[in-house]
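Report on the following structure.
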Amino acid sequence: MTSGVGQTSHRCHAGSSALSDVKAETRAALAAMCRPRRLGAGQTAIHEGETSDYVGCVLSGILRLQKTLADGRQHIVGLLFEGDMFGRVFDGASDFSVEAATDAEVCAFPRRRFEELLSHAPDLDRALLMNILTELDRARDWMVLLSNRKISSRLAGFLVLLCSRFASVDRLVELRPDGFEIRVPISRTDLAHLLGTRTESISRAFHWLEDEGDIEILGPDRVLVRDVSALASRTGDGETDAIASLKAVLASRRQASG
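Position one of the sequence shown corresponds to residue 691 (the working numbering), numbered consecutively onward.
Following this line, the structure appears as structure tokens:
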């Protein structure tokens, strides 16, 4: 973890949702070793090629996984949201840098102590494995998304992913009578790097989807999705079962807050 990162003002919750299923004694051990940190937007948590002394878990905000290509260009290969973990355990340097795409809070566990706990806590081992599998599923989603030749199809796929896989992330998606309001969590420059194109192409794709009636642009980082089925069809994926589950997630969250 980079130096100069200040501690958060609240008590760390031992990794938040990522570790919610571990035993109480494991959570207590994690809480005892957790060092909550703040990252400002653009700040690096782990440098590419670095062997980190920490294993981290995102408490709030968005982190980006960034790879430097052979020609020096930067490419975002994934995003980390609340509850996601990062950092290698046991050995090896990171193949990419981990940076804050937005202001973020993370829980940093000293790697050696985390590894020691991991070696005799099967529940923690399982939680880490499930996190890795989730990240693998997302990587496959990105591969399918990037296989589309049209930038508008890639953007449509990204918005559908926000409406499905990331629906439970706080304040990212809200159900409205006329559709789903999405807070796009990264800048258009980062979105362009993620989708393998230029910022101007992303802007044109947003406006094209709006002209087609699929979305309404509410602001630089806010979009109203009027027709999720149309967006899904533009990605070549007509399956919208995730949207039904999205409605259930949002309804449950609204009921809990009420």
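C-beta atoms are modelled at their ideal positions from N, C-alpha and C, and glycine is treated no differently.
Let's see if you can read the secondary structure: which residues bound the beta strand (DSSP E) around residue i?
i: CYS977; result: Shown here, the chain extends from 691 to 948; a query on residue 977 therefore has no answer.
i: VAL745; result: 744-750
i: VAL788; result: 787-790
i: ALA735; result: 734-736
From residue i to residue j, what distance separates their C-alpha atoms?
i: HIS737; j: SER843; result: 32 Å
i: GLY928; j: ASP904; result: Summary for GLY928: the model assigns pLDDT 49, below 50, so the residue's position carries little reliability; its value from the coordinates is reported in the next sentence. Looking at the two C-alpha atoms, the distance is approximately 15 Å.
i: ARG912; j: ILE752; result: 16 Å
i: ALA791; j: LEU755; result: 9 Å
i: LEU836; j: TRP898; result: 18 Å
i: VAL712; j: LEU814; result: 6 Å
i: ALA811; j: VAL779; result: 14 Å
i: GLY732; j: SER787; result: 11 Å
i: SER710; j: ALA718; result: 12 Å
i: PRO726; j: ARG816; result: 23 Å
Would you call residue i buried or exposed, if buried means 16 or more other Cβ atoms sit within 10 Å of its Cβ?
i: ILE822; result: exposed
i: GLY730; result: exposed
i: THR879; result: exposed
i: PHE804; result: buried
i: LEU759; result: exposed
i: ILE907; result: exposed
i: ALA722; result: exposed
i: SER809; result: exposed
i: GLU795; result: buried
i: GLU789; result: buried
Just verifying my parser: in three-state terms, what is the DSSP assignment at residue i?
i: PHE771; result: coil
i: ALA920; result: helix
i: GLU795; result: strand
i: ARG894; result: helix
i: PRO726; result: strand
i: ILE872; result: strand
i: LEU881; result: helix
i: GLU902; result: coil
i: GLU864; result: strand
i: ARG754; result: strand
i: PHE780; result: coil
Just to confirm, does residue i get its C-beta within under 7 Å of one of the non-hydrogen atoms of the ligand FAD?
i: THR925; result: For the structure depicted, the ligand FAD is absent and the ligand set is empty, with no information on it obtainable.
If you drop the 5 nearest sequence neighbours on each side, which residues of the same chain put their C-beta closer than 7 Å to that of residue i?
i: HIS883; result: GLN764, HIS765 and ILE766
i: GLY694; result: Low confidence applies here, because GLY694 scores a pLDDT of 37, under 50, leaving its location unreliable and the question unanswered by this model.
Within a Cβ cutoff of 6 Å, which residues of the same chain sit near residue i, ignoring the five residues on either side of it in sequence?
i: ALA846; result: LEU921, ARG924 and THR925
i: THR692; result: Only weak support exists for where THR692 lies, its pLDDT of 38 falling under 50; the coordinates are left without a value.
i: ILE892; result: ARG878, LEU881 and ALA882
i: GLU871; result: GLU864 and LEU914
Can you name, in chain order, every residue of its own chain whose Cβ lies under 8 Å from the Cβ of residue i, other than the five neighbours on each side?
i: LEU818; result: MET775, VAL779 and LEU808
i: LEU826; result: none
Span of the alpha helix (DSSP H) holding residue i?
i: LEU823; result: 812-836
Are the C-beta of residue i and some C-beta of chain D separated by less than 8 Å?
i: GLY886; result: The structure shown has no chain D; it contains just one protein chain.
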